[in-house]
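Read the structure below first, then the notes.
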Amino acid sequence: MLQSKGYAAQSSTSGLAPFSFERRDPKPDDVVVEIAFCGICHSDIHQVRDEWGGSMYPMVPGHEIVGRVTKIGKDVTRFKEGDLAGVGVMVDSCRVCDNCKAQEEAYCEKGFVGTYNARGYDGVLVHGGYSTNIVVNERYVHTLSARLEPKLAAVAPLLCAGITTYSPLRHWKVGPGKKVGIVGLGGLGHMGLKFAHSFGAEVTLFTTSAGKEADARRLGADHVVISKDPDQMAREKSKYDFLLDCVSAPHDLNEYLGLLRLDGTLCQVGLPEKPLPVNAFSMVTNRRSMSGSMIGGMAETQQMLDYCAEHDIVSDIEMTSVDQINQAYERVVKADVKYRFVIDMETL
Ligand SMILES: [Zn+2]
Ligand SMILES: [Zn+2]
């Protein structure tokens, strides 16, 4: 077995503390990645604290992983020792269902194997990226262009926050001539702004905080609407082709649906804990659609990473050391980070 060190939660109330564990020896098609940086995703906190139910402990969180390949199995073709590599939200899927065959592994009919807080199909609990290394089948590992190396820490959040926003913006063909709204400026929203702007759309940020306007414009917003101001919201009615809703706090979906023009779509990527009511009248008016999207498939995630390398897009991050994780969690919960914490694994 391969020795690994990390930070783990032992229960929903324990917080995170140092933890030693073993990973499987690499199989012929596995790569071993020595982890350089791992992002802190809000879903790490939800799962550590068992806020979605069903959490499995001990839990080593982390699914925004970048590092370097230190070992490869004999059948590995896409990597060699020393290559940069990235691992995101999943480490396996069934590979044979219609959705896997269509390269939509995020929607695997058997359910993909999450990077942590999940059991592999062999029943073994898997551990994530707040750790020294990870062993993953090469099909679920991404290559990283050398152009990303100077900003490697800021690449980590692309593996979750990046693909979660890139995929729906591509699916709904956001681009020139489209009027697009990004709702909420946090880890997801700041990537939504960067991608929507880069794809050539006219982009509006909807935010509750007037203090975020300058940052929003720097990140790619053409307009900023303060969503608490009813007059500003009324002026935007029925104007938008597409809204990417990145908010996980309670909010009025009907107000946002009202912003969509004929055949417009609202796509939910934030994950509010409780159901949000939708009024049928908000939908039938302008033949609107309400949808959702979850991360993206392996091929699309690779495409996103390659796009970011080509267009010099990374996340805005604040670095933290591993012994400060619990404090970082408190600040994420208070939305007091611009816009993603990344753990420097050298500090482990
Ligand atoms: Zn995530
Ligand atoms: Zn499948």
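Quick note: the sequence shown, position 208, residue 206 per the working numbering, numbers continuous. Just so you know, even glycine gets a beta-carbon here, dropped at the ideal spot from N, CA and C.
In the structure shown, I38 falls within a strand segment according to DSSP collapsed to helix, strand and coil.
Here DSSP, grouped into helix, strand and coil, assigns Q101 to coil. Relative to ligand 2, the nearest heavy atom lies less than 7 Å away from the CB of C106.
Residue state for Y254 is assigned as helix, using DSSP reduced to three classes.
As a beta-bridge residue in DSSP terms, T263 pairs with F240, S287. Taking the Cβ of S91 as the reference point, at least one heavy atom of ligand 2 falls within a distance shorter than 7 Å. At least one heavy atom of ligand 1 is found less than 7 Å from the C-beta of S41. For V222, the enclosing beta strand (DSSP E) covers residues 221 to 224. Rounded to whole angstroms, V85 and A159 show a C-alpha spacing of 13 Å. Leaving aside the five residues that flank G127 on each side, the residues in its chain whose CB is nearer than 6 Å to its CB run, in chain order, I33, C36, G60, I63. Ranked by how close their Cα comes to the Cα of D227, the residues A208, C244, A219, L242 have A208 in first place.
Here L241 is buried, its C-beta having at least 16 other C-beta atoms within 10 Å. With contacts defined as CB atoms closer than 8 Å, I341 and T318 qualify as a contacting pair. By the CB criterion at 8 Å, V181 and D243 fall inside the cutoff. The C-alpha of G13 lies about 15 Å from the C-alpha of S41. With fewer than 16 other Cβ atoms inside 10 Å of its own Cβ, V331 counts as exposed.
DSSP places V282 inside the alpha helix (DSSP H), whose first and last residues are 278 to 282. With a cutoff of 7 Å, C158 counts as near ligand 1, since its C-beta is closer than that to a heavy atom of the ligand. Straight-line spacing of the CA atoms in L150 and S280 works out to 43 Å. For V172, the shortest separation between its Cβ and any heavy atom of ligand 1 does not lie below 7 Å.
Judged by beta-carbon spacing, Y164 lies within the 8 Å limit of M302, meaning their Cβ atoms are closer than that value. Residue R215 holds the alpha-carbon nearest to the alpha-carbon of H188 among E253, R215, Q325, V320. Annotation for K3: the continuous beta strand (DSSP E) segment containing it runs 0 to 7.
A residue is called buried once 16 or more other Cβ atoms fall within 10 Å of its Cβ, and T299 is buried on that count. In the DSSP assignment, E20 falls outside any alpha helix (DSSP H) and lies within the beta strand (DSSP E) extending over 14 to 21.
In terms of Cβ geometry, V89 and V111 form a close pair [threshold 8 Å]. Counting only the Cα atoms, Y5 lies some 33 Å from D213. By the C-beta density criterion, G198 is exposed, having fewer than 16 other C-beta atoms within 10 angstroms.
For R66, the number of other beta carbons within 10 angstroms of its own is at least 16, and it is reported as buried.
Under the DSSP assignment, F339 falls outside any alpha helix (DSSP H), being part of the beta strand (DSSP E) whose first and last residues are 338 to 342. The Cβ neighbour count for M(-1), taken over all protein chains shown within 10 Å, is under 16; the residue is labelled exposed. In terms of Cα proximity to F193, the closest of G179, V30, L167 is L167. In this structure, the beta-carbon distance from V178 to Y238 falls below 8 Å.
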